[in-house]
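Engineer:
Protein chains: 2
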Amino acid sequence: MAPLTDFGRLSLNQITTNNWSLQEAAEGCARAEVPWIALWRNKVEEAGLAQSKRFINDAGLKVSSLCRGGMFPAATAAERAVRIEDNKRAIDEAAELGAEVLVLVCGPAPDRDILGARNMVEDAIAELVPYAQERSVILGIEPLHPMYAAERSVINTLAQATTIAEGYTPQQVGVVVDVFHVWWDPELYKQIARASGRILGFHVSDWIVPTPDMLLGRGMMGDGMIEISRIRQAVEAAGYQGPIEVEIFNQEIWDRPGDDVLAEMKKRYLEHC
Amino acid sequence: MAPLTDFGRLSLNQITTNNWSLQEAAEGCARAEVPWIALWRNKVEEAGLAQSKRFINDAGLKVSSLCRGGMFPAATAAERAVRIEDNKRAIDEAAELGAEVLVLVCGPAPDRDILGARNMVEDAIAELVPYAQERSVILGIEPLHPMYAAERSVINTLAQATTIAEGYTPQQVGVVVDVFHVWWDPELYKQIARASGRILGFHVSDWIVPTPDMLLGRGMMGDGMIEISRIRQAVEAAGYQGPIEVEIFNQEIWDRPGDDVLAEMKKRYLEHC
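Residue numbers (the UniProt record's numbering), protein chains in the order written: chain G, 1 to 273; chain D, 1 to 273.
#1: So which residues on chain D does Gln233/G lean against when the C-beta distance must stay under 9 Å?
#2: Quick one: list the residues of chain G neighbouring Thr211/D, beta-carbon separation under 9 Å, in chain order.
#3: Hey, Gly107/D and Gly167/D are a contact pair by Cβ (cut 8 Å); roughly how many whole angstroms apart?
#4: Is Asn18/D near the ligand FAD, with its Cβ less than 7 Å from a heavy atom?
#5: Tell me which residues share the same chain as Asn18/G and place their Cβ nearer than 6 Å to its Cβ, disregarding the 5 neighbours each side in the sequence.
#6: With DSSP as the reference, label Trp254/D as helix, strand or coil.
#7: What's the gap between the Cα of Glu27/G and the Cα of Gly217/D?
#8: If you reduce the DSSP assignment to three classes, tell me which class residue 281/D lands in.
#9: On the three-state DSSP scale, how would you describe Leu270/G?
#10: Counting only Cβ pairs nearer than 7 Å, list the residues of chain D close to Met120/G.
#11: For a test of the three-state rule: what should DSSP assign to Ile155/G, helix, strand or coil?
#12: In whole angstroms, what is the alpha-carbon distance linking Asp58/D and Thr16/G?
#13: Taking C-beta pairs closer than 8 Å, name the residues in chain D that Arg112/G reaches, listed in chain order.
#14: Closest Cβ-Cβ distance between Thr157/D and chain G: below 8 Å?
#15: Quick one: give me the first and last residue of the beta strand (DSSP E) that Leu66/D is part of.
#16: Given this structure, state the Cα-to-Cα distance separating Ile199/G from Asp111/G, to the nearest angstrom.
#17: Scan the segment 59–90 of chain D for residues whose Cβ lies nearer than 7 Å to a Cβ of chain G and list them as they occur along the chain.
#18: Mind checking who Asp206/D pairs with in its DSSP beta bridge?
#19: Nearest-angstrom Cα distance between Val204/D and Glu245/D?
#20: Please report how far the alpha carbon of Leu66/D lies from the alpha carbon of Leu102/D, in whole angstroms.
#21: Can you check whether the C-beta of Pro186/G is within less than 8 Å of a C-beta belonging to chain C?
#22: Going by CA-CA distance only, name the one from Arg9/D, Glu227/D, Ala165/D that's closest to Ile37/D.
#23: For Glu93/G, which residues of its own chain have a beta-carbon under 7 Å away from its beta-carbon, when the five flanking residues on both sides are left out?
#24: Distance, Cα to Cα, Val63/G vs Ala32/G?
#25: Which residues of the segment 160–173 of chain D have a Cβ closer than 7 Å to any Cβ of chain G? Give them in chain order.
#26: Using 10 angstroms around the beta-carbon of Thr162/G, count the other beta-carbons present and answer buried if the total reaches 16, otherwise exposed.
#27: Could one say the Cβ of Trp207/G lies closer than 8 Å to chain D's Cβ atoms, at least one of them?
#28: Under 8 Å, do Leu139/G and Ser153/G count as touching if we go by C-beta distance?
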């Protein structure tokens with residue numbers, strides 16, 4: 001076991017301090033000496049794209065990813081075309097902000113046909129790849145926990161995500177491993193090894209018991225059941241040495257002062273990641 | 001598509017009318033002409049084993065399964081031995097009640113070591129098989145939805161359950177397919193085909209959106225996202241022609257009069273299963 005000993009790879013995913021604006025998050029990271037940040041599009045929109053870029057640069061931060069593109073399946077071709085356009089804007093924003101990776105939360109089915117929706121995801125990614133590549137943005141498919149299959153994403157295992165990614169070069173499409181989404185998977189370590197060379201991001205949080213809420217029930221690292229360090233080392237063995245994003249959806253954590261959350265997050269990062 | 005046209009395979013899983021005692025459920029099934037019932041051990045205990053058997057016989061019902069054995073992983077060997085003893089009592093009860101199948105909800109890990117807990121499950125099943133076989137009870141491994149991995153079962157995919165079952169004859173160990181637990185699985189149809197000849201039960205309900213609760217958020221068939229009929233036909237193509245249990249954990253449904261629930265369940269069964 002090789003523990004993490006410094007904060008060189010630590011990234012604040014903005015959702016963890018959801019009550020902070022982008023400017024507040026950037027300044028908070030600078031104060032806490034967290035070198036990376038993952039941005040959310042709604043926060044970028046609030047601040048404005050040019051201004052967001054300035055805040056990030058002023059704080060001396062690197063952008064680990066932009067959250068999120070995706071939401072591809074829709075009932076009609078016209079609606080799907082609208083989603084594609086929105087994803088092109090997300091790619092533009094990622095390029096402008098210097099985010100190498102656009103995280104894809106692929107979206108739920110518009111009806112009961114989950115297999116059809118999965119095909120729509122594949123078609124949409126195929127359509128976006130040339131646009132993204134021209135702008136040097138890599139599409140990062142993030143498999144979401146199966147409990148989100150009906151409402152957020154029909155891509156629910158690392159195996160699925162990797163199978164799609166394998167249709168492209170690692171400079172075009174890869175996968176994002178979030179411990180909260182994949183920790184339960186009986187194939188986890190096999191699939192991490194299979195995704196070697198295609199892992200574009202690693203997200204940490206914890207699965208707390210009892211789980212207070214399906215969406216806002218994630219815990220701080222160390223408070224739950226996930227073997228985070230073991231998964232991190234598997235991801236590293238598969239070649240990933242990039243930023244480690246702390247991404248926690250939790251109302252209680254959101255309600256705390258952001259500086260306190262960052263201090264706790266740094267402590268837990270060394271202890272449990 | 002071959003629709004269901006009669007109620008010959010319909011089984012009321014007792015949890016669907018959780019406010020009913022075993023006697024009330026048995027009499028309710030008789031009134032509604034539902035030929036099968038799946039019993040829960042806590043309800044059997046309340047009524048007494050001999051009395052339970054009498055209620056079932058008086059109502060002219062067949063028992064599709066007994067819920068539930070399992071809960072195998074524990075921190076110490078002594079605790080695991082207690083679980084094994086409890087499962088032997090469950091096997092005795094299944095035999096006495098004429099339930100061919102004891103459904104196994106295998107249990108969560110006692111700590112963060114999910115792989116270790118999975119090994120404990122395999123060890124426990126191996127220990128129970130001879131005891132169950134002597135009493136003509138088959139152990140039915142039910143994979144539970146990954147959102148229950150931390151609190152209810154470390155067996156979370158049909159692939160996992162089938163791999164364990166394949167270590168035994170189909171008269172010793174098989175799998176139980178519950179649409180709520182498996183509908184999201186990208187490997188679902190492949191794994192149902194693989195489980196051919198080893199499927200011991202088929203459970204239906206629905207995944208409603210938004211999901212009101214992680215445990216008590218299941219819906220009546222037709223109210224949600226699951227392609228129930230498609231899954232049923234895959235299970236039949238894999239050789240299963242046995243009872244179809246309606247198993248719904250939902251406080252609102254529990255609060256309705258049981259006779260109304262059974263009437264609705266019969267209607268939805270023909271329309272959506």
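Here a beta-carbon is modelled for each residue, glycine too, at the ideal position from N, C-alpha and C.
Just so we're clear, the structure is a prediction, and the values are computed from it rather than from any experiment.
Structural biologist: With the structure as the only source:
#1: In chain order: nothing, as chain D lies at least about 14 Å away.
#2: Here the neighbours are Met147, Ala150, Glu151, Met214.
#3: Contact doesn't hold; Cβ gap of about 19 Å is too wide.
#4: In the structure on display, the ligand FAD does not appear, and there are no ligands present to speak of.
#5: If the five residues before and after Asn18/G are omitted, its C-beta is found closer than 6 Å to the C-beta atoms of Trp254, all from its own chain and listed in chain order.
#6: Three-state result, Trp254/D: helix.
#7: If you take the alpha carbons of Glu27/G and Gly217/D, they lie about 41 Å apart.
#8: Any question about residue 281/D goes unanswered here, given that chain D covers just 1 to 273.
#9: It is helical.
#10: Under the 7 Å cutoff, chain D gives no residues; its nearest Cβ is about 14 Å from Met120/G.
#11: Three-state result, Ile155/G: coil.
#12: The C-alpha of Thr16/G is placed about 59 Å away from the C-alpha of Asp58/D.
#13: Within chain D, the residues near Arg112/G are Met225, Ile226, Glu227.
#14: In terms of beta-carbon proximity, Thr157/D lines the interface with chain G, with at least one pair separated by less than 8 Å.
#15: Per DSSP, Leu66/D belongs to the beta strand (DSSP E) from 62–70.
#16: Going by the C-alpha atoms only, they are around 31 Å apart.
#17: Cβ contacts with chain G come from no residue of the segment 59–90 of chain D.
#18: Per DSSP, Gly219/D.
#19: Val204/D and Glu245/D have their C-alpha atoms some 6 Å from each other.
#20: In this structure, the straight-line span from the alpha carbon of Leu66/D to that of Leu102/D is close to 5 Å.
#21: Absence of chain C from the displayed structure is noted, the protein chains being G and D.
#22: Ranking Arg9/D, Glu227/D, Ala165/D by CA distance to the CA of Ile37/D puts Arg9/D first.
#23: Once the five neighbours on either side are set aside, the close Cβ partners of Glu93/G are Arg41, Val44, Leu49, Leu66.
#24: Rounded to whole angstroms, the separation of the alpha carbons of Ala32/G and Val63/G is 16 Å.
#25: Within the segment 160–173 of chain D, the qualifying residues are Gln160.
#26: Buried: at least 16 other Cβ atoms inside 10 Å.
#27: So yes, Trp207/G belongs to the interface.
#28: Leu139/G places its beta carbon 8 Å or farther from that of Ser153/G.
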